[in-house]
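Written out as structure tokens, the structure reads:
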């Protein structure tokens, strides 16, 4: 099958799955498992596109629909960069849908008819965004993704905080989208077409003849994609919206939707923008924006008590790392291809790694909330004894996001540190940014030690009946945790695909070969053919650490001699109860948190008093979605009454259907 056929199949499966899950909305498990089947089949089709694209090369662009009046068309265009995002969407989409089957049973009063259809429409929108080569249809799929995610954020619409979070998310992202539309219209006035290739030519002309206008266009695109990615200050919506959605949807947001901001950044600055001094200017701006975001977002995460809110602020921080790496690459692209390649590889590889460990972390947070009913770290403790598998996967993902070797987060951060420090020789500010990034990795580690220690270690919390989550919630976490380990031990393997995706973009086509940049072994040797300046060999180091750890364990066990005993905590002969021996999460790192107390300012605005008719007009659930859902469900129930198991009745319906078809045909012919 061709790329177009496979993409059409995946889209049809997702849309059919959305309809089926809507019809089955009254049956939670049936709707969930049907969605798993459709999303899984769509994921297989997407992976077939990925394999075809990387093995045989990208197919030529295909125009399925032309709108010559406005210079637009439905252009299917999948290159290696698109293929990476299709792989992420197919994988994360299936895992989060599988996880949701059991997780959504915790919502006793909310219908899953407003969850699974929207989740599949979200994935369909993401596929459309990365597989089109025309801005008009890019915008159509972008808005489909935005609307679907908005309704997922407001899933528990009776919670006012969720309504506010959804409204904030929608307004901020729509404002950013209007900016991108303005940028596209500026280019359209020069080219007469919304096709990406025509927009690239128009932007190239502006860079030469009207550089100020070119900077405006790039600024509008940057604001749009940075807002979706969650870069501060535009990403202020993220810490409110992510915790509001069900955890399966939150993991899908963190693993797929946020990454489209990075996709747009790469598409605009490496495909639309020709290589010029403008590239260098915007590289510096993007790197600085990333540094600010990783610094402020991560420090603010350290202060959080809500697990999902803590992880949401870390999304802001980790996207900052991606922007820092990509910015470094763009800055050096006109002058130093080696450093440019290392920076772009680091930022893009970190984006892939973040999809893995952030999705795993959100799924783990959902598992904790599923069994305990709370997301407050201060109310948790000792869960490792009851949820050992969840604790192990959370530990793996937490160490990965903190950049602890030999996991995948360290591999991409190592490349970023090397690029920043080496680039500091030409531009000293980058060395400073590299040091800041290293410091923030330590803050990330401290933040997740707080999460792990407060939730899984220490005395058991007073919560009763806690046990491990079902297998369908553990398997996605296990897969993602294993991927974090594999991508950390053999980083050269995924980096080969990243390098091919980057060199397929016009401005990065002349980047050095991967073997010249990182050597030809499973480890990493950053530099060039002439000199290697940084080395990382994860496999032998991991083996050595494992052997040393086992040796230390057996030596300590043998030296101690005494048997291991579980005894209550005591002080001076007095037994201390659980509350006295538990160190609350809010008390951790107090001096450090006080030092950075005001780094994330809070602005409290009084909500405007909207008239009731206006509130009803924006209540799409009440007047659009729910009536359609009820009508479809009612129609399905009515039809189901004819399924009586009597062959004669089925034959009668066949005859009635045939008569109706003949009547319709005759009516049209007459």
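Residue numbers (this note's numbering): 3 to 672. Don't be surprised by glycine CBs; every beta carbon is placed ideally from N, CA and C. Fair warning: this is a prediction, and the values are worked out from it, not measured in the lab.
By the three-class DSSP mapping on this structure, what secondary structure does residue 80 have? Counting from one through the chain shown, the residue named residue 80 turns up at place 78. If DSSP states are grouped into helix, strand and coil, residue 80 belongs with coil.
Exposed or buried, which one is residue 104 when buried takes at least 16 other CB atoms within 10 Å? Your numbering for residue 104 matches position 102 in the chain shown. Buried, by the Cβ-count rule.
Taking the alpha-carbon of residue 355 as reference, which of 393, 401, 31 has the nearest alpha-carbon? Position 353 of the chain shown, counted from the first residue, corresponds to residue 355. Closest option to residue 355, Cα to Cα, is 401.
Straight-line Cα distance separating residue 471 from residue 385: Position 383 of the chain shown, counted from the start, is the residue given in the question as residue 385. Position 469 of the chain shown, counted from the start, is the residue given in the question as residue 471. Roughly 12 Å separates the two Cα atoms.
Just how far apart, CA to CA, sit residue 220 and residue 201? Residue numbering aside, residue 220 sits at position 218 when the chain shown is read from its first letter. Residue numbering aside, residue 201 sits at position 199 when the chain shown is read from its first letter. Answer to the nearest angstrom: the Cα atoms are 12 Å apart.
Residue environment, residue 84, which counts as buried when at least 16 other CB atoms sit within 10 Å: Position 82 of the chain shown holds residue 84. Label assigned to residue 84: buried.
Do the CB positions of residue 463 and residue 366 come within less than 7 Å of each other? As a working note, residue 463 is residue 461 in the chain shown. As a working note, residue 366 is residue 364 in the chain shown. The answer is no: Cβ separation not under 7 Å.
In the DSSP assignment, find the alpha helix (DSSP H) that holds residue 295 and state where it starts and stops. Taking the first residue of the chain shown as 1, we reach residue 295 at position 293. Segment 279-303, the alpha helix (DSSP H) holding residue 295.
Can you tell me which of 288, 399, 231, 347 puts its alpha carbon nearest to the alpha carbon of residue 318? Taking the chain shown and counting its residues from 1, the one referred to as residue 318 is at position 316. Selected option, being the one with the closest Cα: 231.
Under a Cβ-count criterion, where at least 16 other Cβ atoms within 10 Å of its own Cβ denotes burial, should residue 126 be classed as buried or exposed? Within the chain shown, numbered from 1, the residue matching residue 126 stands at position 124. Label assigned to residue 126: buried.
If contacts are defined as beta-carbon pairs under 8 Å, then residue 523 and residue 361 qualify, I think. What distance do you get, rounded to the angstrom? Counted from its first residue, the chain shown places residue 523 at position 521. Counted from its first residue, the chain shown places residue 361 at position 359. Going by Cβ atoms, the distance from residue 523 to residue 361 rounds to 29 Å, so no, they are not a contact pair.
Express the C-alpha separation of residue 281 and residue 82 in angstroms, rounding to a whole number. Along the chain shown, one-based indexing puts residue 82 at 80. Along the chain shown, one-based indexing puts residue 281 at 279. Spanning the two alpha carbons is a distance of roughly 22 Å.
Could you give the distance in angstroms between the alpha-carbon of residue 57 and the alpha-carbon of residue 395? Along the chain shown, read from residue 1 onward, the residue named residue 57 stands at position 55. Along the chain shown, read from residue 1 onward, the residue named residue 395 stands at position 393. Distance between the alpha carbons of residue 57 and residue 395: 33 Å.
Can you round the beta-carbon distance between residue 151 and residue 27 to whole angstroms, since I take them to be within the 8 Å contact cut? Looking up residue 151 in the chain shown gives position 149. Looking up residue 27 in the chain shown gives position 25. With 8 Å as the limit, residue 151 and residue 27 do not qualify as a contact, their Cβ atoms being about 19 Å apart.
Answer yes if the segment 332-351 comes into contact with the segment 387-394, meaning at least three C-beta pairs across the two stretches below 8 Å, and no otherwise. Taking 8 Å as the limit for Cβ pairs, the verdict is that the segment 332-351 does not touch the segment 387-394.
Buried or exposed: which applies to residue 3, given that a residue is buried once 16 or more other Cβ atoms fall within 10 Å of its Cβ? The count along the chain shown starts at 1 and reaches residue 3 at position 1. Exposed, by the Cβ-count rule.
Between 246, 40, 520, which lies nearest to residue 163 when the distance is taken from Cα to Cα? For the purposes of this step, residue 163 is identified with residue 161 of the chain shown, where counting begins at 1. When each option's Cα is compared against that of residue 163, the closest is 246.
Roughly how far, in whole angstroms, is the beta-carbon of residue 249 from the beta-carbon of residue 119, given that I think they are within contact range, below 8 Å? Taking the chain shown and counting its residues from 1, the one referred to as residue 249 is at position 247. Taking the chain shown and counting its residues from 1, the one referred to as residue 119 is at position 117. With 8 Å as the limit, residue 249 and residue 119 do not qualify as a contact, their Cβ atoms being about 18 Å apart.
Starting from the Cα of residue 375, find the closest Cα among 61, 235, 108 and give me that residue. In the chain shown, counting from the first residue as 1, residue 375 sits at position 373. When each option's Cα is compared against that of residue 375, the closest is 108.
Starting from residue 68, follow its DSSP beta bridges and name the residues at the other end. For this step, residue 68 is matched to residue 66 along the chain shown. Its beta-bridge partners are 75.
Starting from the C-beta of residue 185, find all residues in its chain whose C-beta is less than 6 Å away, skip the five residues before and the five after it, and write them out in chain order. Position 183 of the chain shown, counted from the start, is the residue given in the question as residue 185. If we look at residue 185 and ignore the five residues flanking it on each side, its Cβ neighbours are 219, 222, 223.
CB residue 285 to CB residue 329, shorter than 7 Å? If you number the chain shown from 1, residue 285 lands on position 283. If you number the chain shown from 1, residue 329 lands on position 327. Contact flag set, yes.
Excluding sequence positions up to five away, which residues of its chain have a Cβ less than 8 Å from the Cβ of residue 135? What you label residue 135 is simply residue 133 of the chain shown in a count that begins at 1. The answer, listed in chain order, is 63, 77, 78, 79, 197, 198, 199.
For residue 555 and residue 548, the rounded distance between their alpha carbons: Along the chain shown, read from residue 1 onward, the residue named residue 548 stands at position 546. Along the chain shown, read from residue 1 onward, the residue named residue 555 stands at position 553. Here the alpha carbon of residue 548 sits roughly 11 Å from the alpha carbon of residue 555.
Taking 8 Å as the cut-off, does the segment 480-497 touch the segment 403-423 (at least 3 CB pairs, one atom from each stretch)? Segments in contact, yes.
Looking only at its chain, what residues have a beta carbon closer than 6 Å to the beta carbon of residue 253, apart from the 5 residues adjacent to it on each side? Taking the first residue of the chain shown as 1, we reach residue 253 at position 251. Same-chain partners within the cutoff: 98, 361, 364, 365.
Taking contact to mean at least 3 C-beta pairs separated by less than 8 Å, is the segment 303-314 in contact with the segment 445-458? yes
Quick check on this structure: which residue in 36, 90, 69 has the alpha carbon closest to the alpha carbon of residue 47? On the chain shown, residue 47 is found 45 positions in, with the first residue counted as 1. It is 90.
DSSP on residue 134, reduced to helix/strand/coil? In the chain shown, the residue the question calls residue 134 occupies position 132. Here DSSP, grouped into helix, strand and coil, assigns residue 134 to strand.
Residues in its own chain within less than 8 Å of residue 642 by CB, not counting five upstream and five downstream? Translated into the one-based positions of the chain shown, residue 642 becomes position 640. If you ignore the 5 residues before and after residue 642, its C-beta comes within less than 8 Å of no other C-beta in its own chain.
Can you list, in chain order, the stretches of the alpha helix (DSSP H) that have 4 or more residues and sit fully within the segment 325-382? 339-374
Mapping the DSSP letters down to three states, classify residue 307 as helix, strand or coil. The residue you call residue 307 lines up with position 305 of the chain shown. Looking at residue 307 - three-state DSSP - the assignment turns out to be coil, as it is neither helix nor strand.
Sorted by chain position, which residues of the same chain lie with C-beta nearer than 7 Å to residue 407's C-beta, five sequence neighbours on each side aside? Translated into the one-based positions of the chain shown, residue 407 becomes position 405. The residues are 540, 543.
Which of the three DSSP states, helix, strand or coil, is assigned to residue 108? As a position in the chain shown, residue 108 is number 106, starting the count at 1. In the structure shown, residue 108 sits in a helix (DSSP, three-state: H, G or I).
Residue 537 bridges to which residues according to DSSP? Position 535 of the chain shown holds residue 537. Answer by DSSP bridge pairing, in chain order: 527.
State buried or exposed for residue 41, treating a residue as buried only when at least 16 other CB atoms are found within 10 Å of its CB. Working through the chain shown from its first residue, we reach residue 41 at position 39. Classification for residue 41: buried.
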